[in-house]
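Numbering (our numbering), first residue to last: 1042 to 1482.
A virtual CB, placed ideally from N, CA and C, is assigned to each residue, including glycine.
Since the structure is predicted, the reported quantities are computational estimates derived from the model, not experimental observations.
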C-alpha cells in the first residue's frame, strides 16, 4: 500500500538525483580519461575488455599474464567487453556512472515504502549526490565492482521489504561483479535478522553459503583466495593512524547525522572495511578508490535510516556542511594527483607520442598511457614486465615516478637510447622501437 501523498514528496526527485550523479560523475570520468589522469586499474580493464571482445571468454590478459575471467576477473566483464566493442570506452564509463546513479532510485523507493516524509528524503538525496565515496570510485577509474553498488542497494532494499526472490536475483547480479558479495551477503542476512526479517535474513545467508560453495567448486580455491586476501597483512600501517583516517572518512558522513536503530546497516560496510584493512594496500584503504565500493550501499542505507528516524534533523544543516567540506577535500585530493598523469602543458606531446605507435603493435607503456593504447595489440606494463619482446614500442615519460623505484628510470632510459631506435622525443616523452628483446625495468 502506498503511503499518504504528503510522504511521497516529489515523484521526480529520485530521477533528478540519479541523473545528476550519473551525469556529473560520468563527465568527470571522461574528462580524466582525456587528460590521461584515470586511475591505475583503467589500463588493465581496457586491455581486458578488448581481449575478451576479440578472443572470447578464454582470453588471457597481456597486462597481468592471467586469464581475465574466473578467479582473476568477474563475469560481468564479458558483457562489458561487447558494450565497449559497440560504443567504445566512453560508453562503458557513462554506463558505470549511470549504474551508480540508479542506486539512489532503489534507496529513495525504500524510503517512500517506509513512509519517510519528503523533507527527510531530500536530505538523503543531497547526501547521496555529495558522497565522495561514490564520486571517487566512478571518477577515478573503470572497475566492474562499481556495478555492484546498484545490485547490492537493490538486494538490501528488496529483502528488507520481504521481496525475497527479487532480492536474491539482485545478489546474484552483484556476484557477477565481484566475489566480495559473498561475505557481504552473509552480513546482510545478519542485519535483516536484527531488523526482524528472519525469512529474508536466512535466505540471504543460505544464498551466500551456496554461492561460495559453487564458486569454490568452479575455481578450486577457498573464500580467502576468491577475495584475494593475503595470509598476512601487507602493511602494519593499516592498523595504525592510516586505519583511523580511513574508517573516519567513510563513517563520518553517516555518524554526523547521529545514531539510530538504522545504524545496524553499517554491519556489512564494516565487514568490507575490515577486509580492506587486512589487505592493507594504499589502493584498498583509500576513501577515494573502488576498494570500498561494496561498502557504499550499506553506508548510504545507514545514513538514510538515521535521517528517516528524524531525531537529529535539527543538525541537518551542520551535517550537510560536513558533506560540503569533505567534498572540497576530495576535489583538493583530485587536483593534487600530479603523479597519475602528465601536466596540462605536456598533453600535446603525450598525444603525439601515442600516435607514433602503429595499430596492432605490441606496446610497453606506463599506466596512464596504456589505457589509450589497449586497442592496438598486446600491452605490457612498463613497471612490472620482466621482458620487453622484440618488435615492441616502448612509451616512456621521463617525468613519471609513480610506482617506479627511485633512481631506476634514468639507467633504463639511457639503455633504450643506446640500444633501441628512437621514434619520438619531445618534452620528456619518448617512444622507442625494440629491434630485439630487452629485459624490463
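Query: Residue range of the alpha helix (DSSP H) that includes residue 1458; Result: 1450-1460
Query: Cα-Cα separation between residue 1120 and residue 1094, rounded to whole angstroms; Result: 9 Å
Query: Close beta carbons around residue 1103, own chain, < 7 Å, minus the five adjacent residues each side; Result: 1088, 1419, 1420, 1421
Query: Backbone CA spacing between residue 1127 and residue 1137 [nearest angstrom]; Result: 15 Å
Query: Cβ-Cβ separation, residue 1131 to residue 1071 (assumed contact under 8 Å), whole Å; Result: 6 Å
Query: Residue closest to residue 1463, alpha-carbon to alpha-carbon, out of 1433, 1449, 1450; Result: 1433
Query: Enclosing beta strand (DSSP E) for residue 1474 [first to last residue]; Result: 1470-1474
Query: Rounded C-alpha distance that separates residue 1101 from residue 1111; Result: 11 Å
Query: Under 9 Å between C-beta atoms of residue 1483 and residue 1182; Result: The displayed coordinates of the chain run from 1042 to 1482. Any statement about residue 1483 would go beyond what the structure contains.
Query: Cβ separation of residue 1191 and residue 1143, assumed to be a contact under 8 Å, to the nearest whole Å; Result: 5 Å
Query: Continuous alpha helix (DSSP H) stretch holding residue 1134: start and end; Result: 1118-1154
Query: Where residue 1333 falls, given that 16 or more other Cβ within 10 Å makes a residue buried; Result: buried
Query: Cutoff 6 Å; reference residue 1340; Cβ partners in own chain excluding five residues on either side; Result: 1295, 1310
Query: Meets three-Cβ-pair contact criterion under 8 Å: the stretch 1193-1205 and the stretch 1233-1243; Result: yes
Query: Three-way DSSP call (helix, strand, coil) for residue 1110 in this model; Result: coil
Query: Any 3 or more C-beta pairs closer than 8 Å across the stretch 1221-1234 and the stretch 1244-1257; Result: yes
Query: Given 8 Å, three or more beta-carbon pairs between the stretch 1309-1326 and the stretch 1218-1225; Result: yes
Query: Run of the beta strand (DSSP E) containing residue 1085, from where it starts to where it stops; Result: No beta strand (DSSP E) contains residue 1085, which is instead part of the alpha helix (DSSP H) from 1083-1096.
Query: Which residues DSSP lists as bridging residue 1176, in chain order; Result: Answer is none; residue 1176 lacks a bridge partner.
Query: Cα-Cα separation, residue 1209 to residue 1197; Result: 10 Å
Query: Contact between the stretch 1072-1087 and the stretch 1055-1062 (3+ Cβ pairs under 8 Å); Result: no
Query: Local Cβ density within 10 Å of residue 1442, reported as buried at 16 or more and exposed below that; Result: exposed
Query: Residue 1107 versus residue 1187 - alpha carbon distance; Result: 22 Å
Query: Residue 1431, buried or exposed, once every other Cβ within 10 Å from all chains shown has been counted against 16; Result: exposed
Query: Those runs of the alpha helix (DSSP H) which lie wholly inside the stretch 1216-1245 and span at least 4 residues; Result: 1222-1235
Query: Residue range of the unbroken alpha helix (DSSP H) whose run includes residue 1340; Result: 1337-1350
Query: Candidates 1409, 1362, 1365, of which the one nearest residue 1384 by Cα; Result: 1409
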